[in-house]
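One structure is given here, and the rest of the page talks about it.
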RNA sequence: GGUGAGGUGGGUGAGAGGCUGAAACCAACAGUUUGCUAAACUGUCGUACGGGAAACUGUACCGCGGGUUCGAAUCCCGCCCUCACCGCCA
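Numbering (the working numbering), first residue to last: 24 to 447.
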């Protein structure tokens, strides 16, 4: 959520910047909002004056009663009654204006950073880095869902029986490979200075609101109505919300946190396309890295996070590319996003395995996540997060790219975690 | 699930209709003292939204929402949450 004050002072920049999101035009909404804001401030001034008078009367009445001048006190009471009526009207107006302002703010996405290009969608993203060569597989090569069956690693049908589509069982070496990847990712995040958390998998509405899943994208989350709790779609939600309503000291920045969680996504409406095998699931595992940063540092830290993620991909010896998303393909809250994709050789497809973003102050504004320098007024911090990494598509690429007539070769860095070097 | 207690500033915790944005203590920060550290002493020490060039100043906020009253942290009603004990259980 953008700040009203920021909007007031940077109206033109905001409107221009948002056009990069596929030509989005917010000029009308912003104009409405600023008008409401103007009205809100006027109303507040009026109301404050009124309440100040009311407080004054209350004090006088008290003094008069003490002095035994009941008659004079009763006169003042009459004035107070009038003020009260008027104040109530003004309060209602204030509240109405505030609500309208908030409702408009909810519809305005974050302003893309100046380095972000105009674009309408995925086709306009720029590749900023590629690494590794795509392996050429023999004609007999299999897609990962067939390899998973051949080596008895993943059972999709069993998942359907027990839960439903998109909830696979991992089995034997398949399950062990999952555990190894999680452990490897966490170990590397720890080494990079991220404090590990094991977070709740259900969160309350305040948290969903804090990171921006609510009020808009509630259809994406599983919901337990009895308890009013949401299953997390990513560890970003519980981990970032640790810092909701927190004022940090500037010296504490950057705060680096990480965590492994299963992620639950309803993926409503995405059936039928690219959903085979591990490509898109309702439940999947992911290690997430999060940073809370000083605004001056957030972009250098974003590069650090990108290097962390690509470092993992290099170690896993997966061919990858890094995309800088264009305005039209970026998430609602993001100001700058890198997507990391690995090449899945049998499907001959690039699969997104990480999305690493700087939200600048957009999320922090909702979270009321601030920092203080010296004894200055608190300022909003910047938040960043990235997958490091999401498992299923990594597994898909590993299985496909590393298949040999003898079996599936486990990358060397993983062997200490799996305890085996080949799946046969 | 049952019963009871309670939600006040970074923490502990007082306040029980006006003098309370809130005592005291702890923590934190700045300074004095000191060969250094510590101790001691002094001072500062909530947030938001307004007004103001600034100094400063107005309003709101004591879990949340209503109500009573000239006046509510304090009284009344509803809700939420936390804790303790019992029951059940990983």
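By construction, the Cβ of each residue, glycine as well, lies at the ideal position given by its N, Cα and C atoms.
Check: How many angstroms separate the CA atom of residue 376 from the CA atom of residue 70?
Finding: Each residue's alpha carbon lies about 53 Å from the other.
Next item on the list: Return the Cβ separation of residue 142 and residue 351 in integer angstroms, given the expectation that the two are a contact with Cβ distance under 8 Å.
Entry: Rounded to whole angstroms, the Cβ separation of residue 142 and residue 351 is 4 Å, and the two are in contact under 8 Å.
Note to self: If contacts are defined as beta-carbon pairs under 8 Å, then residue 260 and residue 221 qualify, I think. What distance do you get, rounded to the angstrom?
What the structure shows: About 14 Å; that fails the 8 Å criterion.
Checklist line | Range of the contiguous alpha helix (DSSP H) that encloses residue 201 | finding: Boundaries of the alpha helix (DSSP H) around residue 201: 196-214.
Margin query: Starting from residue 111, trace the alpha helix (DSSP H) in both directions and tell me its first and last residue.
Written below: The continuous alpha helix (DSSP H) containing residue 111 extends over residues 93-130.
Notebook entry, point to check: Does the region 325-337 touch the region 137-154, meaning 3 or more C-beta pairs lie closer than 8 Å?
Noted result: Yes, they touch.
Margin query: Would you call the region 166-174 in contact with the region 422-429, where contact means no fewer than 3 C-beta pairs closer than 8 Å?
Written below: yes
Item checked: DSSP three-state assignment for residue 60, whether helix, strand or coil -> Three-state DSSP puts residue 60 in a helix.
Next item on the list: Return the residue from the list 339, 384, 288, 343 that minimises the CA-CA distance to residue 359.
Entry: 384
Next item on the list: With distances taken Cα to Cα, identify the nearest neighbour of residue 81 among 65, 98, 48, 437.
Entry: 98
Notebook entry, point to check: Per DSSP, what kind of secondary structure is residue 308 in: helix, strand or coil?
Noted result: strand
Next item on the list: Spatial neighbours of residue 204 within its chain, please: CB distance less than 6 Å, with the 5 preceding and 5 following residues excluded, ordered by chain position.
Entry: 414
Check: residue 386: which of 32, 120, 65, 129 sits nearest, CA to CA?
Finding: Residue 386 has its Cα closest to that of 129, out of 32, 120, 65, 129.
Notebook entry, point to check: Between which two residues does the beta strand (DSSP E) harbouring residue 409 extend?
Noted result: 405-413
Notebook entry, point to check: Which partner residues of residue 255 appear in the DSSP bridge assignment?
Noted result: DSSP output for residue 255 lists no bridge partner at all.
Next item on the list: For my contact list, residue 407 and residue 325 are in at a C-beta cut-off of 8 Å; report their separation, rounded to the angstrom.
Entry: Residue 407 to residue 325, Cβ: 6 Å. Contact.
Note to self: In the DSSP output, which residue or residues are listed as bridge partners for residue 387?
What the structure shows: For residue 387, which the question treats as bridged, DSSP gives no partner whatsoever.
Note to self: Just to confirm, is the Cβ distance from residue 56 to residue 120 under 7 Å?
What the structure shows: no
Checklist line | Continuous beta strand (DSSP E) assignments of at least 3 residues falling wholly in the region 333-370 | finding: 343-347, 359-367
Notebook entry, point to check: Can you tell me where the beta strand (DSSP E) with residue 278 in it begins and where it stops?
Noted result: 278-287
Checklist line | Whether residue 310 touches residue 192 by CB criterion (7 Å) | finding: no
Notebook entry, point to check: Are the CB atoms of residue 252 and residue 225 nearer to each other than 7 Å?
Noted result: It is a contact, given that the beta carbons lie within the stated cut-off.
Next item on the list: To the nearest angstrom, report how far apart residue 134 and residue 29 are at their CA atoms.
Entry: 11 Å
Margin query: Restricting to Cα atoms, I'd like to know which of 433, 440, 145, 437 is closest to residue 446.
Written below: 433
Notebook entry, point to check: So what does residue 133 bridge to, in DSSP terms?
Noted result: According to DSSP, which records beta bridges pairwise, residue 133 is partnered with nothing at all.
Check: The alpha helix (DSSP H) spanning residue 181 covers which residue range?
Finding: 179-185
Next item on the list: Sort 33, 46, 144, 313 by Cα distance to residue 218 and report the nearest one.
Entry: 313
Notebook entry, point to check: Nearest-angstrom Cα distance between residue 162 and residue 199?
Noted result: Roughly 29 Å between the two C-alpha positions.
Notebook entry, point to check: Taking the alpha helix (DSSP H) that residue 438 falls in, what are its first and last residues?
Noted result: Unbroken alpha helix (DSSP H) run through residue 438: 438-441.
Next item on the list: Could you round the C-beta distance between residue 269 and residue 403 to whole angstroms and report it? I think they count as a contact, below 8 Å.
Entry: Between residue 403 and residue 269 the Cβ distance is about 12 Å, and since that is not below 8 Å, they are no contact.
Note to self: Given a cut-off of 7 Å on the beta-carbon distance, is the pair residue 263 and residue 329 in contact?
What the structure shows: Against a cut-off of 7 Å, the Cβ pair of residue 329 and residue 263 comes out as no contact.
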